[in-house]
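Reviewing the structure listed below.
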Amino acid sequence: MTETFTGNFTQQEPIPEEAIEAALSVLRHGRLHRYNTAPGELGEAALLEQEFAAQMGAKYCLAVASGGYALATALRAVGVKPGDRVLTNAFTLAPVPGSIASVGAVPVYVGVTEQLVIDLDDLETKLDQAKVLMLSHMRGHLCDMDRLMAMCDAAGVTVIEDCAHTMGASWNGVPSGRVGAVGCYSCQTYKHVNSGEGGLLITDDEEIAARAVMLSGSYMLFERHLAAPGAEVFERIKYETPNISGRMDNLRAAILRPQLRILDQQVARWNERYRVIEAGLRGTPGLTVIERPEQEVYVGSSIQVLLLDWPAEKIGEVLKRCAARGVELKWFGAAEPHGFTSRYDSWRYAPSEPMPQSDRVLAGIVDMRVPLTFSLEDCALIARIIRAEVGAVWQQAAIAV
Ligand SMILES: *Cc1c(COP(=O)(O)O)cnc(C)c1O
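First residue of the sequence shown? That's 376 in our numbering, and the numbers climb one at a time after it.
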């Protein structure tokens, strides 16, 4: 009997009851705008910022409308101007180069290694081309953050971390987002907390924080923030920082606060699932599991494997066969952008040089979401299906040779 999987790869868990209650209470009082507070009331958005800053050990936090907005705001707040070059990963998601383009800056792509992290040797040769690195921890893989920061500090390059897939992760005990000058998170449905859309930005730098608050559209109401610098810092920047509205509202903030309180438990649940799939795939001929470094605490909300040096049509066949058995895989090697998946050479607004080593890796990356609605049995079944289908296509190819 051929097993098939019938679960849904895009179905997340329901919003926790406590968060639903909090949302209803905001709806009932009607003060959804973050600066619309009753006398003495602390709004949900301000409380969310205060709590997330404390959770991450950051001095300042700002809640905004999306992860991509947080990235663009960070770029503006650190002083990136139109025409500037900004280093970033060749392997990332479209909102990352998009945020660079949105401020009129020009992405300079850095290659990806077989561990699926930024190629630090390639970065070293490009550090003199820009003053800012937007480092995307794509699919939750953390590079050697110690070496990266030593290189960037020596070169005077400011690091902005894109932590869309690393909320809850850490490197050598330091939370992801706390290593660079700014950490940016997404609260979009497919990330680690879910308010539909939303973003968070953290920093220890008072001027970056004040600029970010002004940029997000605080008018002159910045004193209602609970995780922002003092009024004297705003005095220095308030006349020269434009308002580019992208605030978070109290409804989303209310939904997020209870979710952040259970983040550690959710991370543990993701990783249980990840480890079951990883164990089920390990040793499959032709398939490479990504070994995770000891210094890394990751969040297994998705899993990647490499079908390195496979012909494109054979990878296509694996995807098709898995799909026929209910397992939805994504592939970064396709020539045309598809769904959420695209490659650096598809972002034609930001021209790139060909990167053969990275192309080889990208051509082999197969990616799968791991929603928490999957049971451990589901995960074991999914691994069995992938293993069988990769094995079948691999064997045919071997016979053909
Ligand atoms: C989701 C995501 C973002 C931000 O996305 P938004 O949809 O704007 O919240 C940034 N980087 C990566 C790698 C992402 O996956």
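Note that the Cβ used here is the ideal one computed from N, Cα and C, for glycine as well.
Since this is a predicted model, take the numbers as computed values, not measurements.
Identity of the residues DSSP links to residue i by a beta bridge
i: MET743; result: ILE678
i: VAL533; result: Note that residue 533 is Thr in the sequence shown, not Val. In the DSSP output, where bridge partners are listed per residue, THR533 has VAL507.
i: CYS697; result: Paired residue(s): none; CYS697 is not in a bridge.
i: SER545; result: PRO550 and VAL672
i: LYS705; result: ASP742
i: VAL461; result: PRO482 and VAL507
i: TYR435; result: THR578
i: HIS713; result: THR716
i: CYS559; result: ASP537 and LEU576
Pairwise C-alpha distance: residue j and residue i
i: PHE384; j: ARG514; result: 16 Å
i: PHE427; j: GLU764; result: 43 Å
i: ARG720; j: VAL478; result: Looking at the sequence provided, one finds Asp at residue 720 rather than Arg. Roughly 20 Å between the two C-alpha positions.
i: VAL672; j: MET431; result: 15 Å
i: GLU416; j: VAL642; result: 32 Å
i: GLY766; j: PRO686; result: 15 Å
i: ASP494; j: LEU523; result: 10 Å
i: GLU499; j: LEU635; result: 36 Å
i: PRO706; j: ALA738; result: It is worth fixing the name first, because residue 706 is Trp in this sequence and not Pro. TRP706 and ALA738: Cα-Cα distance of roughly 8 Å.
i: ILE690; j: LEU682; result: 7 Å
i: GLY573; j: HIS567; result: 12 Å
i: VAL745; j: PHE715; result: 15 Å
i: ALA398; j: ASP459; result: 41 Å
i: CYS527; j: GLU582; result: 20 Å
i: TYR444; j: ASN569; result: 16 Å
i: PRO604; j: ALA556; result: 15 Å
i: ALA628; j: GLY708; result: 37 Å
i: LEU590; j: HIS516; result: 30 Å
i: THR412; j: ARG599; result: 9 Å
i: PRO726; j: ASP497; result: 18 Å
i: LEU596; j: SER561; result: 24 Å
i: PRO414; j: LEU407; result: 15 Å
i: ASP684; j: TRP769; result: 12 Å
i: GLU666; j: CYS518; result: 12 Å
i: ILE757; j: ALA394; result: 31 Å
i: GLY382; j: LEU747; result: 11 Å
i: SER511; j: ASN646; result: 21 Å
i: GLN670; j: TYR594; result: 42 Å
i: ASP753; j: ILE678; result: 14 Å
i: ILE724; j: ALA710; result: Note on residue identity: the sequence assigns Tyr, not Ile, to residue 724. Rounded to the nearest angstrom, the two C-alpha atoms are 17 Å apart.
i: GLY661; j: ARG650; result: 20 Å
i: GLY658; j: ALA755; result: 15 Å
i: LEU462; j: LEU502; result: 8 Å
Cβ distance (whole Å) where residue i is taken to contact residue j below 8 Å
i: LEU422; j: LEU638; result: No, LEU422 and LEU638 are not in contact; Cβ-Cβ is about 16 Å, not under 8 Å.
i: ILE652; j: ARG700; result: Not confirmed; about 15 Å, so no contact.
i: ASN464; j: VAL485; result: 6 Å
i: ALA420; j: MET743; result: With 8 Å as the limit, ALA420 and MET743 do not qualify as a contact, their Cβ atoms being about 34 Å apart.
i: VAL487; j: PHE466; result: 4 Å
i: ASP521; j: ASN547; result: 7 Å
i: VAL664; j: LEU704; result: Not a contact, Cβ separation roughly 15 Å.
i: GLN563; j: GLY442; result: 6 Å
i: ALA447; j: LEU575; result: Actually they are not in contact, since the Cβ atoms of ALA447 and LEU575 sit about 14 Å apart, beyond 8 Å.
i: ARG762; j: LEU656; result: 6 Å
i: VAL702; j: PHE380; result: 5 Å
i: ALA433; j: ARG553; result: 7 Å
i: GLY592; j: ILE577; result: Not confirmed; about 18 Å, so no contact.
i: ARG648; j: LEU491; result: The pair is not a contact, with the Cβ atoms about 19 Å apart (cut-off 8 Å).
i: PRO633; j: PRO391; result: 5 Å
i: GLU489; j: VAL736; result: 6 Å
Proximity test, Cβ basis, 8 Å: residue i and chain C
i: GLY552; result: As a matter of chain content, chain C is missing from the structure shown, which is built from one protein chain.
* Asked: Looking at C-beta atoms only, is the number of pairs between the stretch 504 to 513 and the stretch 524 to 543 that lie closer than 8 Å three or more?
  -> Flag = yes, the stretch 504 to 513 and the stretch 524 to 543 touch.
* Three or more C-beta pairs below 8 Å linking the stretch 392 to 403 and the stretch 538 to 556 -> With the cut-off at 8 Å, the stretch 392 to 403 and the stretch 538 to 556 do not touch.
* contact_flag[the stretch 466 to 476, the stretch 610 to 620] where n(CB pairs < 8 Å) is 3 or more -> With a cut-off of 8 Å on Cβ pairs, the stretch 466 to 476 is not in contact with the stretch 610 to 620, counting fewer than three such pairs.
* To do: Taking 8 Å as the threshold, find out whether the stretch 582 to 589 comes into contact with the stretch 447 to 456 through three or more Cβ pairs.
  => Enough Cβ pairs lie closer than 8 Å, so yes.
* Curious, which full-length beta strand (DSSP E) runs of at least 3 residues does the stretch 618 to 672 contain? -> Secondary structure in the stretch 618 to 672: no beta strand (DSSP E) run of 3 residues or longer lies completely within the stretch.
* Counting only runs that start and end within the stretch 378 to 431, where is the alpha helix (DSSP H) found for 4 or more residues in a row? -> Listed in chain order, they are 392 to 404 and 419 to 431.
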